[in-house]
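Q: Got a structure for you, questions after.
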Amino acid sequence: MAMILEGPLHGVAAIQDSVGETWNRYIALQQVWEENQRLKQEIQQLQGEQNRLREQSILAMEFQALSMYQATAPLTTIPARIIGRNVSNWYQALVINKGTRDGIKAEMGVITNAGVVGRVVRVNPITSIVLLLSDPNVAITGMIQTSRDEGIIQGTPQGNIHMKYLPPLSPVHVGDVVVTSGLTDDFPRGLQIGHIQQVTKAATDLFQSGEITPIADFSKLEGVLIITSFQPAVSAESSPPAETLPVP
Amino acid sequence: MIIVLQIALCLGTVVAQATLSAWLSVNNIYPDLCLIFACLVGFLTNEYKGLMIGLTVGLFQDLLAPGGIGLNMILKGLAGCLAGATTHTVSTVTTGAVVIVTLVLSLGCGLASLIVAYPFLDGSDAFHAISWVLLPQALYNALLAAGIFWLTHKVRPSFAVVHFAQGRR
Numbered sequence: 019m020a021m022i023l024e025g026p027l028h029g030v031a032a033i034q035d036s037v038g039e040t041w042n043r044y045i046a047l048q049q050v051w052e053e054n055q056r057l058k059q060e061i062q063q064l065q066g067e068q069n070r071l072r073e074q075s076i077l078a079m080e081f082q083a084l085s086m087y088q089a090t091a092p093l094t095t096i097p098a099r100i101i102g103r104n105v106s107n108w109y110q111a112l113v114i115n116k117g118t119r120d121g122i123k124a125e126m127g128v129i130t131n132a133g134v135v136g137r138v139v140r141v142n143p144i145t146s147i148v149l150l151l152s153d154p155n156v157a158i159t160g161m162i163q164t165s166r167d168e169g170i171i172q173g174t175p176q177g178n179i180h181m182k183y184l185p186p187l188s189p190v191h192v193g194d195v196v197v198t199s200g201l202t203d204d205f206p207r208g209l210q211i212g213h214i215q216q217v218t219k220a221a222t223d224l225f226q227s228g229e230i231t232p233i234a235d236f237s238k239l240e241g242v243l244i245i246t247s248f249q250p251a252v253s254a255e256s257s258p259p260a261e262t263l264p265v266p
Numbered sequence: 750m751i752i753v754l755q756i757a758l759c760l761g762t763v764v765a766q767a768t769l770s771a772w773l774s775v776n777n778i779y780p781d782l783c784l785i786f787a788c789l790v791g792f793l794t795n796e797y798k799g800l801m802i803g804l805t806v807g808l809f810q811d812l813l814a815p816g817g818i819g820l821n822m823i824l825k826g827l828a829g830c831l832a833g834a835t836t837h838t839v840s841t842v843t844t845g846a847v848v849i850v851t852l853v854l855s856l857g858c859g860l861a862s863l864i865v866a867y868p869f870l871d872g873s874d875a876f877h878a879i880s881w882v883l884l885p886q887a888l889y890n891a892l893l894a895a896g897i898f899w900l901t902h903k904v905r906p907s908f909a910v911v912h913f914a915q916g917r918r
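Residue numbers (this note's numbering), protein chains in the order written: chain A, 19 to 266; chain B, 750 to 918.
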């Protein structure tokens, strides 16, 4: 009798098991779905946090580089963060988060650890406006590092940087490094400006001119240093050699 | 309260110009959000409101721009006023009218700014600035203004006659 009942019992039990299994695996998934949604939200939150930390890390690295440069360079500088760009369409300008309250004055030079960026042209109490080197309203004196030939560096309306009034016989080559000559009050001698990208001299021109690729990528700047003071370079001609100085 | 809101809107526009214009730039052509804002206020209200908003937004823009204080204030004020004046000369301000008027005002403002910013430009540089910056920018401003105007009417058709402060036109 028991053997007769055993078959159907096994059958029913097998069906019950498979139905229960199907129910648990495929139909009663509410809990799993909720957990899945929660985990997805958690992943999104963690991704956002990761992105925020990555961004902070990149910023910190840039400002650390600026800070290291600030500590080693023979200049007194104030670090500033860029908080806006090109408020007016006709100027290549940056807005920085330092102003008169921080000791910033108009005409101060602006640099990064790579090289020259531009010049402060307007100062508000807590912000300042920096005109980039690529703006035609900015002109500084520069020189070719190898030949020491000087010229005027000025922006163009197209956003390029030109070096003008180079001596006609100056041996300027593509790739030559251009640095500040220190003849203006806002930049010390020897700060890197960029590389010569192209040299032009027509037969009728009195001077050579060149196009410069700036060393700093102005579109990707996050922070800058404003030069508040520096030791002016003393020219070799004006000071006697060290060994001829009278011993006190 | 309305005045505070208007000043906040002007400030917000200048901040957007300083921070978001890079995102909105197409091939290094930046839209002049302050001009667009002044023109739209003129179109949607009247010449008086356009003038006042234009002067305010221009003043804020001048404070963060390298040029002298006053240029943007005058230009944006004039643009807002002239945009508002067109609402009296045409029966209905349409999207097409917004495109044409904003284009003309943008060209005028751009040309004045160009002359003030670069007074010593030679012929080739001036030609380059006009053909590669001024004209595309004016067109961009006009299209953006028309887009915002069209959206405003879609979202709230009555906006054009419910003014910021002074009731119906």
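Don't be surprised by glycine CBs; every beta carbon is placed ideally from N, CA and C.
1. Under the DSSP definition of a beta bridge, which residues are partnered with A:Ser-247?
2. Express the C-alpha separation of A:Ile-211 and A:Val-128 in angstroms, rounding to a whole number.
3. Throw me the rounded Cβ distance for the B:Leu-883 and B:Leu-856 pair, which I believe falls under 8 Å.
4. Taking 8 Å as the CB-CB limit, is B:His-877 close to chain A?
5. Can you find at least 3 beta carbon pairs, one from the segment 807-819 of chain B and one from the segment 145-152 of chain A, that sit closer than 8 Å?
6. Using the three-state DSSP reduction, which class does A:Arg-99 fall into: helix, strand or coil?
7. When you compare the segment 187-205 of chain A with the segment 221-231 of chain A, are there three or more beta-carbon pairs, one atom per stretch, that lie closer than 8 Å?
8. With contact counted as at least three CB pairs below 8 Å, one residue from each stretch, are the segment 105-112 of chain A and the segment 66-84 of chain A in contact?
9. Three-state secondary structure (DSSP) at A:Lys-116?
10. Using alpha carbons as the reference points, say which of B:Phe-898, B:Thr-901 and B:Tyr-889 lies closest to B:Leu-773.
11. Buried or exposed, going by whether 16 or more other CB atoms sit within 10 Å of the CB of B:Ser-862?
12. Whole angstroms is fine: what's the gap from B:Cys-858's alpha carbon to A:Ala-132's?
13. So, does the CB of A:Trp-108 fall closer than 8 Å to a CB anywhere in chain B?
14. At what residues does the alpha helix (DSSP H) containing A:Pro-232 begin and finish?
15. Does the Cβ-Cβ distance between A:Ser-152 and A:Asn-178 come in under 8 Å?
16. Tell me whether B:Val-904 is buried or exposed, calling it buried when 16 or more other Cβ atoms sit within 10 Å of its Cβ.
17. Over the uninterrupted beta strand (DSSP E) stretch that includes A:Gln-172, give me the two end residues.
18. Give the straight-line distance between the Cα atoms of B:Ala-894 and B:Gly-791, rounded to the nearest whole angstrom.
19. Where does B:Leu-760 sit, in a helix, a strand or coil, going by DSSP?
20. Kindly say whether A:Ala-124, judged by its beta-carbon, lies nearer than 8 Å to any beta-carbon of chain B.
21. Here's the rule I'm using: 16 or more other beta-carbon atoms within 10 Å means buried, otherwise exposed. How should A:Arg-137 be labelled?
22. Please confirm whether B:Cys-788 and B:Gly-819 have their CB atoms less than 8 Å apart.
23. Between the segment 60-88 of chain A and chain B, which residues of the former have a C-beta closer than 7 Å to a C-beta of the latter?
24. Exposed or buried, what is B:Ala-866 when buried is set at 16 or more other beta-carbons lying within 10 Å of its beta-carbon?
A: So, to answer that:
1. A:Thr-94
2. 12 Å
3. 7 Å
4. yes
5. yes
6. strand
7. yes
8. no
9. coil
10. B:Tyr-889
11. buried
12. 37 Å
13. yes
14. No alpha helix (DSSP H) contains A:Pro-232, which is instead part of the beta strand (DSSP E) from 226-232.
15. yes
16. exposed
17. 168-173
18. 12 Å
19. helix
20. no
21. buried
22. no
23. none
24. buried
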